[in-house]
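Under our numbering, the first residue of the sequence shown carries the number 694, and numbering increases by one thereafter.
Structure first, commentary second.
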Amino acid sequence: MATDRAPFELDVPATCECLSLVHEATRRAAIAEGFDPAAADEIAVAVGEAMTNVVEHAYRGERGHAVRLRFLPGPEALRIELEHRGAAPTSLPAGVDLGRLARERRRGGLGVHLMRRLMDHVVHEESAAGVGCWVLERNRAGSGSPGREPES
Numbered sequence: 694m695a696t697d698r699a700p701f702e703l704d705v706p707a708t709c710e711c712l713s714l715v716h717e718a719t720r721r722a723a724i725a726e727g728f729d730p731a732a733a734d735e736i737a738v739a740v741g742e743a744m745t746n747v748v749e750h751a752y753r754g755e756r757g758h759a760v761r762l763r764f765l766p767g768p769e770a771l772r773i774e775l776e777h778r779g780a781a782p783t784s785l786p787a788g789v790d791l792g793r794l795a796r797e798r799r800r801g802g803l804g805v806h807l808m809r810r811l812m813d814h815v816v817h818e819e820s821a822a823g824v825g826c827w828v829l830e831r832n833r834a835g836s837g838s839p840g841r842e843p844e845s
């Protein structure tokens, strides 16, 4: 499915209060790009997890920061970027031991895992200028299903 839609950007405050706005904007963008409602919801959840990561870890909950969301439709996939000027992740887990998390009754720690389960491509990039960017891609129908990382 080819797309002729132009990319668009949305700047939002980096706060938890903006998560519902990010979710709805992402969901609507995915539907406009031809994803069915279930896939659009999955994409919105993944982007919400990336946004939460930026708010809680990159900016450590400090007010006064922003996130730039870029929706980049392509013929094979929808690419969504969340650009920020906060701290880069110190590490990205390769997998998650769900049993261990449950035994330890830990809160959190599943955001990157969820993003990877719901999207086909997830990375965090950082420019030489210190600009961080979560990059999430979801293939269009017929291009494959989301990547599934093995359970640990």
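Quick reminder that beta carbons are idealized off the backbone N, C-alpha and C, glycines included.
Element boundaries [beta strand (DSSP E), containing residue i]
i	result
H814	814–819
E776	770–777
D704	701–706
A759	759–766
Cα-Cα separation between residue i and residue j, rounded to whole angstroms
i	j	result
E702	I773	10 Å
H817	N746	11 Å
L775	R761	6 Å
V828	E742	12 Å
R833	P700	16 Å
D734	R763	17 Å
R778	P706	12 Å
R698	E726	8 Å
V815	R721	20 Å
Span of the alpha helix (DSSP H), counted from its first residue to its last, around residue i
i	result
L730	Going by the sequence as given, residue 730 is Pro instead of Leu. Unbroken alpha helix (DSSP H) run through P730: 730–746.
G804	804–811
V824	Here V824 belongs to no alpha helix (DSSP H), and DSSP marks it neither H nor E.
A718	712–725
Exposed unless 16 or more other CB atoms sit within 10 angstroms - verdict on residue i
i	result
A751	buried
L791	Residue placement at L791 is poorly supported in this model, since its pLDDT is 49, which falls under 50; the coordinates still yield a value, given next. With fewer than 16 other Cβ atoms within 10 Å, it is exposed.
G757	exposed
G754	exposed
D729	exposed
P766	buried
**Study point:** Touching by the beta-carbon criterion (3+ pairs, under 8 Å), the stretch 706–721 and the stretch 730–748
**Key:** Cβ pair count under 8 Å is three or more, so yes.
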